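Peer 1: For any residue, its number in the UniProt record's numbering is found by taking its place in the sequence shown, counting from 1, and adding 11.
This is the structure, below, for whatever I ask next.
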Amino acid sequence: GGPASLSRFRGALVAGVLGDCIGGEFEGAEEVPMESVLQHLSGLDDETKGNGVLEYSDDTAMTRCVVQSLLTRAGFDEQDLARRFAKEYSTSPGRGYGNGVIQVLKKLSSFQLSDVYQPARDQFNGRGSFGNGGAMRTAPFALTFPDRFARLGAMLTHSCSLGYNGAILQALAVHFSLQGALDLPLQFINDLIAEMEEVEDNKEARNDARILKEAEKPFCERLHRVRDLMNRSKVSIEEVISELGNGIAALHSVPTAIFCVLHCLQPLEGLPESYGGLERTIAYSLALGGDTDTIACMAGAIAGAHYGIEAIPQSWIRCCEGAEDADVNAERLHKLYHQFPQGG
Ligand code: R7I
Ligand code: MG
Ligand code: MG
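Written out as C-alpha cells, the structure is:
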C-alpha cells in the first residue's frame with residue numbers, strides 16, 4: 012500500500028489515548044454490560060456534565076515517553092527512553108502501573124546503569140515479564156520504525172518473549188493498518204500470521220513458550236483463533252474472552268485487541284447506528300471487561316490508523332487528558348518520519 016497519511020498517523024495516536032482514558036472506567040471489571048458502556052460513552056457527549064476530564068494511565072504516560080524520545084533524539088535511543096520512563100514514573104507514580112514493572116522503573120532511575128536492559132531481565136525470577144506493558148506503548152514505533160524498535164522499546168521493561176513479541180505484533184498491526192491493509196481483513200490477518208511465524212521462529216520464543224506451557228508459536232496460534240472467530244457469523248462476548256482472553260498478559264490482550272478492530276469493521280447488533288467503526292471498536296473493547304484500558308488503547312490505535320482522525324468524535328477528544336497533545340505530536344512525528352532514511 013501507499014504511504015501512511017497524516018490523518019491516519021493522527022488517528023492512531025489520538026485513538027490510543029482515548030481507549031486508555033475511556034477504558035479506565037472498567038479496568039478489572041469481570042462483566043461489563045453493553046448498556047453501561049453506552050451510558051459511559053454518551054456521558055462524553057454531554058457538555059452539561061462538564062469538566063469531565065478522564066485521566067490517562069500508564070499506557071499513555073509511557074507512550075508519551077516514546078513519542079518525546081523519538082522526537083528529541085530523532086530516532087531510537089534506549090538510554091534516553093529508559094531515563095524518560097523512570098522520570099515519568101517518579102513524577103507521577105499513581106498512573107496505575109503493573110505491580111512488577113514498578114521495580115524496573117525504580118531501578119532505571121536509581122543509579123547509573125551500564126545496561127539499561129538488565130532490570131527488565133531480573134523480573135519474575137529472571138524470566139522477565141510477559142505483561143502487555145510493552146505492547147500498550149508501541150504505536151509510535153509503528154509510525155516511525157520497523158518492528159526491531161518495537162522489540163527493543165518493549166525490552167526495557169519486558170524481557171520475556173511473550174511480552175516483547177506482543178509489542179511487535181501490536182506494532183505490526185498498527186503499521187499495516189496505517190497502510191490501509193484493513194480494507195482487506197482476511198489478507199490483514201494472514202499477513203500478521205506470516206510475520207509472526209518468523210518473529211516466533213527462534214530459540215528464546217520456543218523456550219519461553221515451553222516453560223509457560225503455551226503452543227509452540229503462541230501468538231501465531233492466537234491469531235489463527237482470531238481468524239476462526241472472524242469467519243463466524245455470530246460470536247458472543249463470552250466466546251471471545253474464553254478463546255482470546257481479556258487479561259494483563261500480552262498473549263491474552265494483543266490478539267484480543269486485533270479481533271475487536273476486525274469484528275467492528277461492520278455494524279454490530281446492540282450498538283447505536285450513529286456509531287462509526289472507531290466508536291464501535293472502543294465500545295466493544297470496553298464490553299469485554301478485564302484489562303479494558305489497555306485493550307481499548309491497543310484496539311484504538313489500530314482502528315484510529317484505519318479510520319483516520321476525521322472519524323474521532325471531537326467531544327471524546329475534549330474529554331480525554333493528553334488527546335490534544337497526541338494529535339500535535341503525531342504531526343511532529345509524521346514530519347520526522349519523512350526525514351528518516353529508508354530501511355533499518
Ligand atoms: O506489563 P505491565 O507494564 O502492566 C501493564 C498493565 C496494563 O494493563 C496497564 O494498564 C496497567 O494496569 O498494567 O506490568 P508488569 O508488572 O510487568 O506485568 C503485569 C502483571 O502481569 C504483573 O504484575 C504480574 O501479575 C503479571 N506477570 C507475571 N506473573 C507471573 N510471571 C507478568 N509477567 C509475569 C510472570 O513472568
Ligand atoms: Mg493502564
Ligand atoms: Mg491496563
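For glycine and all other residues, C-beta sits at the position ideal for the given N, C-alpha and C.
Bear in mind the structure is a predicted one, so any value in this text is a computation, not a measurement.
Looking at Gly256 and ligand 1, is the gap between the Cβ and the nearest heavy atom below 7 Å?
Peer 2: It does not: the Cβ of Gly256 is nowhere closer than 7 Å to a heavy atom of ligand 1.
Peer 1: Below 8 Å on the Cβ atoms is my guess for Ala97 versus Leu81; work out the distance and round it to an integer in Å.
Peer 2: 17 Å between Cβ atoms; not a contact.
Peer 1: From the DSSP output, which residues share a beta bridge with Gly111?
Peer 2: None; Gly111 has no bridge partner.
Peer 1: How many Å lie between Val112 and Glu89 at the Cα?
Peer 2: About 17 Å.
Peer 1: Using 7 Å as the cut-off, classify the Cβ of Asp338 as near or not near the heavy atoms of ligand 2, replying yes or no.
Peer 2: No, the Cβ of Asp338 stays beyond 7 Å of every heavy atom of ligand 2.
Peer 1: Name, in chain order, the residues that DSSP records as bridge partners for Ala260.
Peer 2: Note: Ala260 sits in a beta bridge opposite Gly142.
Peer 1: Consult DSSP for Leu183 and reduce its assignment to one of helix, strand or coil.
Peer 2: It is helical.
Peer 1: Can you give the Cα-Cα distance for Ala131 and Ala165, rounded to whole angstroms?
Peer 2: Those two C-alpha atoms are separated by around 9 Å.
Peer 1: So is Thr102 buried or exposed if we call it buried at 16+ other beta carbons inside 10 Å?
Peer 2: That one is exposed.
Peer 1: Using 8 Å as the threshold, is the segment 272 to 280 in touch with the segment 149 to 160, meaning 3 or more CB pairs across them?
Peer 2: The answer is no - the segment 149 to 160 does not touch the segment 272 to 280, with fewer than three Cβ pairs under 8 Å.
Peer 1: From the DSSP output, which residues share a beta bridge with Cys331?
Peer 2: DSSP, once it has assigned bridges, lists Leu65 as partnering Cys331.
Peer 1: Please report how far the alpha carbon of His235 lies from the alpha carbon of Glu332, in whole angstroms.
Peer 2: Their backbone Cα atoms lie some 36 Å apart in a straight line.
Peer 1: Of the choices Pro44, Val64, Arg75, whose alpha-carbon is the least far from that of Asn340?
Peer 2: Ranking the options by Cα distance to Asn340, first place goes to Arg75.
Peer 1: Using only the alpha-carbon positions, how far apart do Leu297 and Arg329 sit?
Peer 2: When rounded, the distance between both Cα atoms is 19 Å.
Peer 1: When the Cα of Leu163 is compared with those of Glu99, Phe87, Asp202, Ile200, which residue comes out closest?
Peer 2: Among Glu99, Phe87, Asp202, Ile200, the Cα nearest to that of Leu163 belongs to Phe87.
Peer 1: Out of Asn201, Glu36, Glu211, Glu46, which one is the CA nearest neighbour of Cys171?
Peer 2: Of the candidates Asn201, Glu36, Glu211, Glu46, the one whose C-alpha sits nearest the C-alpha of Cys171 is Glu211.
Peer 1: Any residues whose CB sits closer than 6 Å to a heavy atom of ligand 4? List them in chain order?
Peer 2: Ligands displayed in this structure: ligand 1, ligand 2 and ligand 3; ligand 4 is not among them.
Peer 1: Beta-carbon within less than 6 Å of His317's beta-carbon, same chain only, minus the 5 sequence neighbours each way: which residues are those?
Peer 2: Within the same chain, His317 has close Cβ partners Ser188, Leu193.
Peer 1: Would you kindly report the start and end of the unbroken alpha helix (DSSP H) that includes Leu197?
Peer 2: That run of the alpha helix (DSSP H) goes 196 to 210.
Peer 1: So, helix, strand or coil for Gly354, using DSSP?
Peer 2: Residue placement at Gly354 cannot be trusted, given a pLDDT of 42 that sits under 50; what the coordinates show is reported in the next sentence. Here Gly354 sits in coil by DSSP.
Peer 1: Got a sec, what are the start and stop residues for the alpha helix (DSSP H) Glu225 sits in?
Peer 2: Segment: none, Glu225 is in no alpha helix (DSSP H) and carries neither H nor E.
Peer 1: If I'm right that Val246 touches Leu255 with Cβ under 8 Å, what's the distance once you round it to whole angstroms?
Peer 2: That belief does not hold up - the Cβ atoms of Val246 and Leu255 are roughly 10 Å apart, past 8 Å.
Peer 1: Is Asp88 near ligand 3, judged by its Cβ being under 7 Å from some heavy atom?
Peer 2: Outside the cutoff, so no.
Peer 1: Assign Gly27 to one of two classes, buried (16 or more other C-beta atoms within 10 Å of its C-beta) or exposed (fewer than that).
Peer 2: Buried, by the Cβ-count rule.
Peer 1: Are there three or more Cβ pairs, one per stretch, closer than 8 Å when the segment 282 to 297 is compared with the segment 200 to 218?
Peer 2: Contact between the segment 282 to 297 and the segment 200 to 218 is absent, because fewer than three Cβ pairs lie under 8 Å.
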